[in-house]
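Here the structure is laid out as structure tokens; the discussion comes afterwards.
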Amino acid sequence: MDHVRTADRTRTDAVELRHLRGFLAVADELSFTHAADRLRVGQPALTRTVRALEESLGTRLLERTTRHVELTDAGRRLRDDLAPLLTRIDTTLATAAGAGPPLLRLGFTSVLPEACAPLTAAFEAATGAGVRLVRRDAQLAGLASGACDVAVVRGDIPQDSPVRSRVLLREPRTAVVARDAAELAGRRVVDWSELAGLPLVVNTVTGTTRPELWPEDRRPRLACTADNFDEWLEAVAAGHGVGVAPEPVARRHAHPSLRRVRLKNAPPVTVRLAIPARDAHPLAERYLDQFSDGSSG
Numbered sequence: 008m009d010h011v012r013t014a015d016r017t018r019t020d021a022v023e024l025r026h027l028r029g030f031l032a033v034a035d036e037l038s039f040t041h042a043a044d045r046l047r048v049g050q051p052a053l054t055r056t057v058r059a060l061e062e063s064l065g066t067r068l069l070e071r072t073t074r075h076v077e078l079t080d081a082g083r084r085l086r087d088d089l090a091p092l093l094t095r096i097d098t099t100l101a102t103a104a105g106a107g108p109p110l111l112r113l114g115f116t117s118v119l120p121e122a123c124a125p126l127t128a129a130f131e132a133a134t135g136a137g138v139r140l141v142r143r144d145a146q147l148a149g150l151a152s153g154a155c156d157v158a159v160v161r162g163d164i165p166q167d168s169p170v171r172s173r174v175l176l177r178e179p180r181t182a183v184v185a186r187d188a189a190e191l192a193g194r195r196v197v198d199w200s201e202l203a204g205l206p207l208v209v210n211t212v213t214g215t216t217r218p219e220l221w222p223e224d225r226r227p228r229l230a231c232t233a234d235n236f237d238e239w240l241e242a243v244a245a246g247h248g249v250g251v252a253p254e255p256v257a258r259r260h261a262h263p264s265l266r267r268v269r270l271k272n273a274p275p276v277t278v279r280l281a282i283p284a285r286d287a288h289p290l291a292e293r294y295l296d297q298f299s300d301g302s303s304g
């Protein structure tokens with residue numbers, strides 16, 4: 008038994024912070040290419056880093072195919088446990104180095120809601136802390152990987168996500184189509200139910216509109232998918248189908264080849280502030296508690 012314990016300890020002793028940061032970046036992006044760009048390292052080097060971590064732990068953390076990267080159960084558990092720990096380490100090291108006032112990282116995906124500006128100003132005035140904005144094309148805007156301390160999340164949060172959330176606001180949806188597309192040609196307003204007969208372009212990572220929002224017996228056909236906002240935008244501009252997005256997001260990301268069509272009777276998009284359920288940044292709770300409509304999750 009002692010021999011086994013010694014062997015296990017030797018393997019984990021080989022784990023370094025760079026291994027953990029590399030794994031978290033891939034877990035956040037679900038792409039070695041995007042994670043390598045974010046870390047400013049070569050993709051082969053990042054692949055070796057993650058493989059070394061898996062070998063040290065003796066378990067597979069990621070399932071890789073030519074098109075997708077998915078977390079295994081072990082990888083999901085490690086991500087959920089590791090992200091808040093690395094956040095605490097970074098905060099502790101910055102404090103020890105005398106890096107100035109504390110800094111809270113606010114994560115978002117495509118567009119930060121206007122409601123966050125007064126929240127941030129009030130938070131900075133009350134705490135003396137700074138707020139740094141972090142954009143991530145990830146479902147929880149980088150919260151799951153520790154890239155941010157508080158996240159603005161549009162749409163539903165998966166039930167198994169280890170976070171606590173509070174409703175910030177609800178945004179109307181709008182349709183987006185290519186200017187020369189046959190779909191919705193000449194229309195300025197369309198009812199939500201009419202979209203069920205049209206091809207739909209879906210952002211599967213940070214998007215908020217999927218065919219499942221319509222009744223089961225009448226849903227839009229899935230034309231194509233994208234795994235980040237920019238790809239989604241270009242797919243709609245290329246005429247692959249209709250896109251649906253929160254109105255502030257579509258308005259902010261104007262595209263010369265796209266036009267917006269107002270939707271009637273569309274369900275609104277819920278926007279939440281979220282923090283880790285445990286080991287959150289000491290100031291994250293203060294930011295979250297500034298705003299509440301009485302709903303939490």
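Note that the sequence shown covers residues 8 to 304 in my numbering.
Yeah, the Cβ is synthetic: ideal placement off N, Cα and C, and Gly gets one too.
These numbers were taken from a predicted model, which means no experiment stands behind them.
> When you compare only the Cα positions, how much space is there between L140 and L78?
Replying inline: As a first step, residue 140 must be located in the sequence shown, where it is residue number 133. As a first step, residue 78 must be located in the sequence shown, where it is residue number 71. So the two alpha carbons sit approximately 26 Å from each other.
> In or out: H75 buried (at least 16 other Cβ within 10 Å) or exposed?
Replying inline: As a working mapping, residue 75 is identified with position 68 in the sequence shown. Exposed, by the Cβ-count rule.
> Of the choices R143, P109, A129, K271, whose alpha-carbon is the least far from that of G137?
Replying inline: As a position in the sequence shown, residue 137 is number 130, starting the count at 1. Cα-wise, what sits closest to G137 is P109.
> Between P120 and L176, is the Cβ-Cβ spacing less than 9 Å?
Replying inline: Counting from one through the sequence shown, the residue named residue 120 turns up at place 113. Counting from one through the sequence shown, the residue named residue 176 turns up at place 169. Yes.
> Who does L229 pair with in a DSSP beta bridge?
Replying inline: Your numbering for residue 229 matches position 222 in the sequence shown. DSSP output for L229 lists L207 as bridge partner(s).
> In its own chain, which residues sit with a C-beta less than 7 Å from the C-beta of A188, not counting the 5 before and 5 after it?
Replying inline: Start at 1 with the first residue of the sequence shown, and residue 188 comes out as number 181. Closer than 7 Å at the Cβ level, and outside the excluded window around A188, lie G246.
> Count the other CB atoms within 10 Å of the CB of D20; is the residue buried (16 or more) or exposed (fewer)?
Replying inline: Stepping through the sequence shown from its first residue, residue 20 is reached at position 13. Exposed: under 16 other Cβ atoms inside 10 Å.
>> Only counting the same chain, and skipping five residues up and downstream in sequence, which positions put a Cβ closer than 6 Å to that of G250?
In response: For the purposes of this step, residue 250 is taken as residue 243 along the sequence shown, with counting starting at 1. Contacts found: V183, V208, V243.
> Cα-Cα, which of A192, E190, S152, E219 is closest to D163?
Replying inline: One-based indexing of the sequence shown puts residue 163 at position 156. Considering only alpha carbons, the answer is E219.
> If you run the structure through DSSP and keep just helix, strand and coil, what is D156?
Replying inline: As a position in the sequence shown, residue 156 is number 149, starting the count at 1. Coil at D156, not helix or strand.
>> With a threshold of 9 Å between beta carbons, is S117 in contact with chain C?
In response: You won't find chain C in this structure, because it holds only one protein chain.
> Taking the continuous alpha helix (DSSP H) assigned at T40, which residues delimit it?
Replying inline: The residue you call residue 40 lines up with position 33 of the sequence shown. 39-46 is the span of the alpha helix (DSSP H), which, as asked, contains T40.
> Among G214, S152, F115, which has the Cα closest to the Cα of P169?
Replying inline: Here residue 169 corresponds to residue number 162 of the sequence shown, with the count starting at 1. Among G214, S152, F115, the Cα nearest to that of P169 is on S152.
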